[in-house]
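Q: As you go down the protein sequences, you meet chains A and B in turn.
For the first sequence, my numbering gives the first residue as 258, with consecutive numbering after it.
For the second sequence, my numbering gives the first residue as 402, with consecutive numbering after it.
Idealized CB from N, CA, C, for every residue including glycine.
Dumping the structure here so I can ask a few things about it.
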Amino acid sequence: MALECVLMVELETPVAFTCADGTGIEKGALLMLSDPATVATTTGDTDAIIGIAAEEKVASDGKTTIAVYLRGIFKGYAGAAAVTAGLGIISDTGTGAANELVNADLNSANIVGRALESATDGQSFMFLLDPFNAKLA
Amino acid sequence: MADSSGQALIRGIDIDKLAKGFADEANVFKNFVTKSATKAREIRWYQKTSGFLDTPDTTGITKTWINPVSEKARPMVMEQSWTRNTSYVKKFFVESPTISVEDIKDSDIDILATNVRDIVRGVARKVDLRIFSVLNEAAAATPTIPNPTNVNTAAATGTGWDDVANGNPIKDILAGKRKMRQAGYDPEGAIISMNSIEHENLINYLITVKGSSIPNYSSEKVKTGVVMDLLGCKVVVTENQTTDYVTMWVPNRAATWKSFMPLTSVVIDDPGIGKKIRCWEEGECILTDPLAVHVITDTVT
Numbered sequence: 258m259a260l261e262c263v264l265m266v267e268l269e270t271p272v273a274f275t276c277a278d279g280t281g282i283e284k285g286a287l288l289m290l291s292d293p294a295t296v297a298t299t300t301g302d303t304d305a306i307i308g309i310a311a312e313e314k315v316a317s318d319g320k321t322t323i324a325v326y327l328r329g330i331f332k333g334y335a336g337a338a339a340v341t342a343g344l345g346i347i348s349d350t351g352t353g354a355a356n357e358l359v360n361a362d363l364n365s366a367n368i369v370g371r372a373l374e375s376a377t378d379g380q381s382f383m384f385l386l387d388p389f390n391a392k393l394a
Numbered sequence: 402m403a404d405s406s407g408q409a410l411i412r413g414i415d416i417d418k419l420a421k422g423f424a425d426e427a428n429v430f431k432n433f434v435t436k437s438a439t440k441a442r443e444i445r446w447y448q449k450t451s452g453f454l455d456t457p458d459t460t461g462i463t464k465t466w467i468n469p470v471s472e473k474a475r476p477m478v479m480e481q482s483w484t485r486n487t488s489y490v491k492k493f494f495v496e497s498p499t500i501s502v503e504d505i506k507d508s509d510i511d512i513l514a515t516n517v518r519d520i521v522r523g524v525a526r527k528v529d530l531r532i533f534s535v536l537n538e539a540a541a542a543t544p545t546i547p548n549p550t551n552v553n554t555a556a557a558t559g560t561g562w563d564d565v566a567n568g569n570p571i572k573d574i575l576a577g578k579r580k581m582r583q584a585g586y587d588p589e590g591a592i593i594s595m596n597s598i599e600h601e602n603l604i605n606y607l608i609t610v611k612g613s614s615i616p617n618y619s620s621e622k623v624k625t626g627v628v629m630d631l632l633g634c635k636v637v638v639t640e641n642q643t644t645d646y647v648t649m650w651v652p653n654r655a656a657t658w659k660s661f662m663p664l665t666s667v668v669i670d671d672p673g674i675g676k677k678i679r680c681w682e683e684g685e686c687i688l689t690d691p692l693a694v695h696v697i698t699d700t701v702t
């Protein structure tokens, strides 16, 4: 893995979520949510991101929870579609590299947060982690 | 599966827990400016007009009326003037992420103590760079690029100190001393701050180009960054100084660091979860005597 997010302003303390014991998770990885309250590293575009890993999860260390930042200001990396200051952003791991983020499409669900600065493919940028998912038509 | 001889999983491993691969750069500028406290964030201060007083000139009359003065005549008036300035303190502030109690307890390296030390040093470096910016009148957008405006300044002789044919760092330094002296300051003991690149070129000039004996190096280096005395000045080498510029100033005279809150660090305990390190300093550097500073520009080709 690479291009993990880096914490810039810690707005709140991380919260524990369930995770698989057998899979490692990098500190700073974008985490997608599945039922029930379970997280795993993002694998695709427009994943249902819930937060960012606050610690490294070592594969098969016996732990089935991981601390997750649900909100905060982070440094992330832009995918090929770029990000624009002020716009909502989504995961881009399917199209781009792992943990990359891009501008949300029109009517896009699974918003990770908002870009606080503009960046092009491969550039780093600051963003507000503030995930939400509206059910769209 | 169990392992036997010749298999990697049962081999021992030696872990050297002493962190390596780094060297600390000293923060030196603060050592050579006046330090005083400010009790408010807004600082009002006054600059006295430099030079000797004389009677006012007019467009047509530019002579002094101090002498000769005829008997029984009233004397002319002259008085001092000041320029009022206002500065505002700047806050240098940073914190660590929450470091879990587990990481603190079992990490091979002492992550809490190392973070405390390096976060404090990081803040101190930014304060040092702020002092550099003020001494060199750098613009806010380019704080590491000197922009000498009110301070004395001159371009290096030739194309710089690495110009072995036409460069002349000795003359550049002497010109700086002269300008400070012409402004009324005693340049003896002035600080000459330079990047290691300029230091390399200076020593090369002295020894290789001019055939001087190898200069004595000062034992003060560890404390203050002073590496040697040259022409009655103290040479300080620091990576906080931007290359292509050499800055000379009268220590404890040219600028003042006004401290609103001293460098402070605290460890915030979140019981059972972890600790967070927070560090701050508040103050501002004031260029009180710009003519006690001389910036040599274009010191590298």
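1. Apart from the five residues on each side of it in sequence, which residues of its chain come closer than 6 Å, Cβ to Cβ, to Val623(B)?
2. Could you pull the DSSP bridge partners for Thr298(A) from this structure?
3. Starting from the C-beta of Ile505(B), find all residues in its chain whose C-beta is less than 6 Å away, skip the five residues before and the five after it, and write them out in chain order.
4. Put Lys659(B) into one of helix, strand or coil per three-state DSSP.
5. Count the other CB atoms within 10 Å of the CB of Arg531(B); is the residue buried (16 or more) or exposed (fewer)?
6. Can you tell me whether DSSP reads Lys392(A) as helix, strand or coil?
7. For a cutoff of 7 Å on Cβ pairs, would you count Glu283(A) as touching chain B?
8. Measuring only the C-alpha atoms, how far is Arg579(B) from Pro588(B)?
9. Taking 7 Å as the CB-CB limit, is Leu402(A) close to chain B?
10. Taking 7 Å as the CB-CB limit, is Pro498(B) close to chain A?
11. Following the continuous alpha helix (DSSP H) through Asn516(B), name the residue where it begins and the one where it ends.
12. What's the gap between the Cα of Leu385(A) and the Cα of Gly336(A)?
13. Output the distance between the C-alpha atoms of Asp362(A) and Ser348(A), rounded to the nearest integer angstrom.
14. Using a Cβ cut-off of 7 Å (strictly closer), state whether Ala420(B) contacts chain A.
15. Quick check: is the beta carbon of Glu199(A) nearer than 7 Å to any beta carbon in chain B?
16. Beta-carbon of Val623(B) versus every beta-carbon of chain A: anything under 7 Å?
17. If contact is defined by three or more beta carbon pairs under 8 Å, each pair taking one atom from either stretch, is the segment 632-646 of chain B in contact with the segment 581-600 of chain B?
18. Taking only beta carbons into account, state which residues of the segment 673-700 of chain B come closer than 8 Å to chain A, listed in chain order.
19. So that I know if they touch, is there some Cβ in chain D lying closer than 7 Å to that of Glu313(A)?
A: Checking against the coordinates, here is how it stands:
1. Bear in mind that a pLDDT of 45 at Val623(B), under 50, signals an unreliable position, so the number given afterwards is only what the model happens to contain. Nothing listed; no residue qualifies.
2. Leu288(A)
3. The residues are Leu513.
4. Taken through DSSP and simplified to helix, strand or coil, Lys659(B) comes out as strand.
5. buried
6. DSSP places Lys392(A) outside both helix and strand once states are collapsed to three, so it counts as coil.
7. False, the Cβ-Cβ gap to chain B never drops below 7 Å.
8. 8 Å
9. In the structure as shown, chain A starts at 258 and stops at 394, and residue 402(A) therefore has no counterpart that could be examined.
10. Taking Cβ atoms only, chain A reaches closer than 7 Å to Pro498(B), which makes this a yes.
11. Per DSSP, the unbroken alpha helix (DSSP H) holding Asn516(B) starts and ends at 512-536.
12. 17 Å
13. 11 Å
14. no
15. Any property of residue 199(A) remains undetermined from this structure, which presents chain A solely from 258 to 394.
16. Caution is warranted here: a pLDDT of 45 is assigned to Val623(B), below 50, making its placement in the model unreliable, and the coordinate value is therefore given only provisionally. No, Val623(B) lies away from the interface with chain A (no Cβ there is under 7 Å from its Cβ).
17. yes
18. Ile674, Lys677
19. Absence of chain D from the displayed structure is noted, the protein chains being A and B.
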